[in-house]
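With my numbering applied, the sequence shown has no gaps in its numbers, which climb one by one up to 1735 at the end.
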Amino acid sequence: MSISKDELEILEEIQLRTLWLAVRMVDFANHDRVNTDGIKVGGHQASSASMISILTSLYMYHLDPNDRVSVKPHSSPVFHSIQYLLGNLEKKYLTTLRSAGGLQSYPSRTKDPDIVDFSTGSVGLGAAAPLFAGVTRRYVDSHFGPRPHSRFIALIGDAELDEGNIWEAVADPATDGLGNVMWVVDFNRQSLDRVIPGIRIAQWRAQFEAAGWHVAEVKYGTKLKEAFAEPGSEAFKQWFDDIPNEQYQSLFGQKLEELRARFLDGAPAGVAEYLTKFSDSQLFEILSDLGGHNVSSLVETFQACDAVTDRPSVVFAYTVKGWGLPMAGDPRNHSAQLSTEQIDTLRTSMGLTVENEWDSFDPESRVGKYLAKRKTDLKRGESAAEIKAVIPTTTNPKSTGMISTQEVFGRVLTEISRDEAIRPYLVTTAPDVATSTNLGGFINRTGVYHPQVLRRWNEDPMLKWAEGPTGQHIELGISEMNLFMLLGMLGLSHDHSDQPLIPIGTVYDPFVLRGLDAFIYSVYSGAKFIIAGTPSGVTLAPEGGAHQSTITPSVGMELPGVVLMEPAYAQALDWLLCDAIAHVAGNKKDTTPDLRPNELAFYFRLTTRPIDQAPFTQARERLGDALLRTQVLAGAYRLVDGRSTPGYIVEDPHAPVVHLVATGAVMPEVLEAARELSSEGVVAHVIEVTSPGRLYGSWQRTLKQGIRTASTPSFPGALRTIFSERAPIVSVHDGASHAMSWLGSALGMPQVAMGVDTFGQSGTIADLYRIHDLDSGSIVNGALAALSLDV
Ligand SMILES: Cc1ncc(C[n+]2csc(CCOP(=O)(O)OP(=O)(O)O)c2C)c(N)n1
Ligand SMILES: [Mg+2]
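See below:
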């Protein structure tokens, strides 16, 4: 289907108005809005102008309601202008770019007032997101029946292709063959600082093709095509294709009379002769007429990509950064803005006045009618999909003897997957560490996902690696970026694919940092998922410093929407994991939202260190399941009461008291220290912090409440119950000491924070705990230090 002449005229009118609105939106934010703090507001007129025709041709012609689009961060003004013209965004927002509660600088799913399919901002991620949304859709179609066809589209800047995450995503076999994915590269040959050196298109083309992609180009506008169609134009065409980026780009800043000489510098014989028939101004018009600003060429290319259904497509759309503006093609235009005079001239050239500059088209005009129809054509249906299964509060895991949390994690997952009502929604993924993070049991039960049944060449009695469309584990290559991108997109499957899922990923804990930007991206986008970082800390002892994570707890605690959990014992982990699964499933029945608003991703920091479960059993007998579970979920409980737990009791009512507060794998050393302290006549309560994140969050919330109401902050319930005695604190963590060091301030008591604050090395756990002062003797000394600080 090709665009009619009428439609083309309408689209041309719309794109000019879109250009105006996008440019003026940035201008208003910088020049008209009262600036109270003297900081430049910013915005990207040139990057927006570059994308005008691409966005216009998509939203005003090519897209349908099931499509999902990721918009280049620096063209957000164009996206919002289009939403406004379509009647999906109120006029009042046009003057709110980059203001609180207004239009965000970069498209945001969670903060923008109009519907944004993918957040963007950190370049590269916006490209990968629709690719993984495509992976998710393929999975959903295989498991729940085909949804109405969608196209997953990324609109990206050419310099975004420098980001490694793009190539990690393109190269991963999990993204192979996705015919419903299309990337459109705004090929303006400029990045932030400079004109991109050389001609990189050949290299990029080869890279995409090697990964099995269909590559298309929209390079020549109508005037160029006409010039190339004339006899004798071959040398000119060849030179136009060969001219280096820097030389071509420099033509834009030239005086007309110098343009020809500059273009011909280095050109082969025949080019100059051919061009004599064009005047200097004609020559400029021809040379700057690139295909990325030709709506009908763009639409034709998009349609050609639709016809390629067995692999993703990438379109290189040749554009001019700053198209239609005085700054067009200027190497320094990335953050440049039009002057007020230039804005006035542009307004007049658009046929607008100060009175009507923000208006949309008259609804009775032919453009107005076209827009109204387009709005209806793009209207999306409401989603009703939900997970109805009730998630159990526990799987009653084996809780005796020596067990590691990583082992329990695998068992709980396998156990939950036995429930036929829940199993269909579970989907796991890992970057080549599925078996070493204990997903084997789950994989044995559910299989590995692949769109086709694959022949098995190896039989392993321990692991059934059966690949086919019913599998529920998505295996990735070693890319933690891809892991977090996929988890994010699985976690947004309810929105992109009308099917909620329960995504669970595993990763070696130190390499959480390798995927951190994608982790942040996914949570910022509002995705819900579970991630197990395992093994963690120096308990990965023989693996040495390069594999021992120390700062990941801070990441888990500080990332908004993420809840860090690091229980030591089987039953505690089981309660927390079941609860997290229920929360991700959207099953609110058993969650306590008042305790934990805005929880999206549940980060379990686990270990392979088997530890004795008996102390937990004792605490369970002392506290009872109902109370203990509530406390475990709230983030902390008293594992040992120094006055009532057999083996730790100190009778003397005047004996000094200390709180040993610990998280995760280091619990045996802490318990040993408590025993030594009690034998010295010190009452040592042992608190296990099952979720440092949740505990910290509840403290922060009560503080904020106090600040906002100018009243004395109340003490969070969890802290009040657990720390019923005022006593100094020793915190012990197989992670950086900083993550738990806020406790003393929260409780108003002196604190000694112990943890791993230097790089590790190979050894046994005992060696490393000794080296990092986490052995029981050091913890006892830490307790004595804390007591001496309590003056
Ligand atoms: C991860 C990341 N690094 C750096 C930036 C800062 N930055 C914003 S735009 C940009 C250049 C983008 O060039 P391109 O993708 O070609 O977009 P254009 O403006 O040319 O359309 C840079 C470096 C960013 N947004 N994200
Ligand atoms: Mg660019």
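Backbone N, C-alpha and C fix where the C-beta goes; we use that ideal spot for every residue, glycine too.
For residue i versus residue j, is the C-beta distance shorter than 8 Å?
i	j	result
T1607	E1510	yes
I954	Y1314	yes
Q1515	S1380	no
F1131	R1012	no
V1507	G1477	no
T1253	G1123	yes
V1015	T1064	yes
F1659	T1646	yes
Y1262	V1162	yes
T1119	L1075	yes
Q1443	V1371	no
A1485	G1721	no
S1421	P1117	Here residue 1421 turns out to be Gly, not Ser, going by the sequence shown. Going by C-beta atoms, G1421 is nearer than 8 Å to P1117.
V1696	A1729	yes
M1429	A1071	no
A1563	A1727	no
K1317	L1030	no
A1683	V1700	no
V1264	S1232	yes
D1102	R1133	yes
L1242	S1020	no
V1079	E1107	no
L1503	F1473	no
What whole-angstrom Cβ distance do residue i and residue j have, given they're in contact under 8 Å?
i	j	result
G1354	G1385	5 Å
T1373	L1290	Contact doesn't hold; Cβ gap of about 49 Å is too wide.
T1349	I1709	Not a contact, Cβ separation roughly 14 Å.
V1129	I1100	6 Å
V970	L999	Actually they are not in contact, since the Cβ atoms of V970 and L999 sit about 15 Å apart, beyond 8 Å.
H1093	P1368	Contact flag wrong, Cβ pair sits at about 22 Å.
L1357	I1448	7 Å
V1724	E1620	5 Å
G1165	G1235	5 Å
F1180	Y1218	5 Å
M1433	A1077	5 Å
Residue i: beta carbon under 7 Å from a heavy atom of ligand 2?
i	result
K1265	yes
G1101	yes
D1185	no
N1132	yes
Closer than 7 Å: is that where the CB of residue i sits relative to any heavy atom of ligand 1?
i	result
L1122	no
D1085	no
L1460	no
E1424	no
K949	no
L1136	yes
H1237	no
S1020	no
V1067	yes
E1104	yes
P1051	no
P1017	yes
S991	yes
V1348	The amino acid at residue 1348 is misidentified as Val; the sequence shows Ser. S1348 Cβ: outside cutoff for every heavy atom of ligand 1.
S994	yes
H988	yes
H1278	yes
Would you say residue i reaches chain D, if we count a Cβ-Cβ gap shorter than 8 Å as a contact?
i	result
A1072	No chain D appears in the structure shown, which is made up of a single protein chain.
Validate contact between the region 1194-1201 and the region 1175-1186 using beta carbons, cut 8 Å, 3 pairs: no
Length-filtered (4 minimum) alpha helix (DSSP H) runs lying within the region 1138-1193: 1145-1154, 1166-1173 and 1178-1186
Contiguous beta strand (DSSP E) assignments of at least 3 residues, all confined to the region 1538-1569: 1545-1549
Are the region 1622-1631 and the region 1642-1656 in contact at 8 Å, needing three or more beta carbon pairs? no
Hey, is the region 1549-1559 in contact with the region 1610-1622, meaning 3+ C-beta pairs nearer than 8 Å? yes
In chain order, which alpha helix (DSSP H) runs of at least 4 residues are fully inside the region 1586-1634? 1611-1623
Going along the chain, which unbroken runs of the beta strand (DSSP E) with 3 or more residues stay wholly within the region 1376-1427? 1417-1420
Any 3 or more C-beta pairs closer than 8 Å across the region 1010-1030 and the region 945-964: yes
Do the region 1327-1345 and the region 1485-1493 touch if we need at least three Cβ pairs shorter than 8 Å? no
Suppose only complete runs of 3+ residues qualify. What are the beta strand (DSSP E) ranges in the region 1425-1472, listed by chain order? 1446-1451
Whole runs of the alpha helix (DSSP H) within the region 1054-1136, excluding any shorter than 4 residues: 1069-1088 and 1108-1115
Just checking, does the region 1628-1643 make contact with the region 1516-1524 on the three C-beta pairs under 8 Å criterion? yes
Inter-stretch contact at 8 Å, needing at least 3 Cβ pairs: the region 1457-1464 / the region 1418-1435: yes
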